[in-house]
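Each remark here refers to the structure printed beneath this line.
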Ligand SMILES: [Zn+2]
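Numbering (my numbering), first residue to last: 225 to 549.
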C-alpha cells in the first residue's frame, strides 16, 4: 500500500520474533494488532489474497479526489481513529465538549482567567480542560501528503490531532483554533473524522467550502476577537521585520492578541510572508519545535503508565516520546 516505514514500525508489536512466524496463532494476533493500530479491516489482513482495506472510508465526502487520494485520505482517517482509540483507552471519559460554544465566549473566559491573550498555551489548556485531547502526530501512514490537522470523534468525544510542523506557536495556534471551530460548530458527526490537509498540498482542494470558511472565522474570532484578520497600523512603506515585530508586540498588548498571531494576520492581509515570518524571530525568544511543547503537555495529561502496555508503547512512538518519560 506504500505505507511509511515509520508507521509500520509504530504498529509492529514488540513481542514479534522470527520464531513467532511459525505459529499460526501468533501470525493471526500480529494481523489483528496491526489492523487495529492502522485502522484496517482485520478481515482484509487475514486473507492473503485480499487487498488491505481501511475501515474509515468516506468516498461520498471527497468526490473530487482521485481513487488513490481517497485511499490516502481513508488511511489518514483510519490511523487517526486508531490513535484516538488508544488515547481514549488511556484516560477517563470527558466531562464536557465545545459543541455550541461561541468563539467570543471562549475568548472571554480565557482573558477573564488573567491571560494577556489567547495563544497556543491557552488553547491547549482549554481543550484538555474540557476533555478534548490534543496531540501532535510524529508518525503518518504515508511518507508524503501530510495533514495539517484533523479532528476525530469517537462517540460523543472529540480528539484533535495536529500534523503541521512549525518553529513558532502562532501558526499551530491557528490550526488548533480552526479544529476547535469544527467541533464547536458541530461539523463532525459522532464516529466521523474531518481531515484538514496541509494547504501546500494539492489534495487540499476542499478548502474554501462553507465549513472551512466558518472554521477559519471561528479561529480568528477566538484568537483576535474579530472574524476577519486584524490589519496592523504598520506603515506599509517600511515593512521591515523589526518594525512589524515591534508593532505586533505593542498592538498585541493593547488588543489582547498574541503578537505572532498579529504577524500572521499581516502576512495574510499583505501577502508579504517573508516579512511576517522574519518578524517571528524577533517576537519569540528562539525557534523551537512546537510539537515538542504540544506533546509534553499531552504526556502530562495522559497517564500512559496506567494504559495497556501495547497502547502506551504505540502512543509513545506516535507522540515522538520514545526515550525518557
Ligand atoms: Zn478545516
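C-beta: ideal position from N, C-alpha, C; glycine also. Note that the structure is predicted; figures quoted are calculated from it, not measured.
Distance from the CA atom of residue 341 to the CA atom of residue 292, rounded to whole angstroms, is 42 angstroms. When DSSP states are grouped into helix, strand and coil, residue 382 belongs to the strand group. Shown here, residue 375 sits in a strand according to DSSP, grouped into three states. Relative to the non-hydrogen atoms of ligand 1, the Cβ of residue 420 comes within a distance shorter than 6 angstroms of at least one.
The nearest non-hydrogen atom of ligand 1 is 6 angstroms or more from the C-beta of residue 234. The beta carbons of residue 413 and residue 377 sit about 7 angstroms from each other, so the pair counts as a contact at 8 angstroms. The DSSP-derived three-state label of residue 526 is coil. Burial is judged here by how many other beta carbons sit within 10 angstroms of a residue's own beta carbon; residue 385 has at least 16 and is buried.
Between ligand 1 and the CB of residue 394, the shortest heavy atom gap is not smaller than 6 angstroms.
Per the Cβ contact rule, the region 434 to 453 is in contact with the region 396 to 410 (3 or more Cβ pairs under 8 angstroms). The criterion of a C-beta distance shorter than 7 angstroms is not satisfied by residue 348 and residue 507. Counting C-beta pairs with one atom in each stretch, the region 529 to 537 and the region 496 to 513 have fewer than three that are closer than 8 angstroms, which means they do not touch. In terms of Cβ geometry, residue 315 and residue 526 form a close pair [threshold 7 angstroms]. Secondary structure of residue 278 (DSSP, three-state): strand. With respect to the 7 angstroms criterion, residue 396 and residue 514 are classified as neighbours on the basis of their beta carbons. For residue 539, the enclosing alpha helix (DSSP H) stretches over residues 533 to 542. Taking the Cβ of residue 439 as the reference point, at least one heavy atom of ligand 1 falls within a distance shorter than 6 angstroms.
Here residue 325 is buried, its C-beta having at least 16 other C-beta atoms within 10 Å. The DSSP-derived three-state label of residue 420 is strand.
Per the coordinates, the alpha-carbon of residue 242 lies some 27 angstroms from the alpha-carbon of residue 545. At a cut-off of 6 angstroms, the beta-carbon of residue 436 counts as near ligand 1: some heavy atom of the ligand is closer than that. Between residue 486 and residue 477, the C-beta gap is not smaller than 7 angstroms, which leaves the two residues out of contact. For residue 402, the uninterrupted alpha helix (DSSP H) segment begins and ends at 393 to 408. Scanning its chain for C-beta atoms nearer than 7 angstroms, with the 5 sequence neighbours on each side dropped, one finds around residue 422 the residues 370, 371, 372, 388 and 428, in chain order. An exposed status is given to residue 516, since fewer than 16 other beta-carbon atoms sit within 10 Å of its beta-carbon. In terms of Cα proximity to residue 393, the closest of 295, 240, 488 and 259 is 488. Scanning its chain for C-beta atoms nearer than 7 angstroms, with the 5 sequence neighbours on each side dropped, one finds around residue 450 the residues 444, in chain order.
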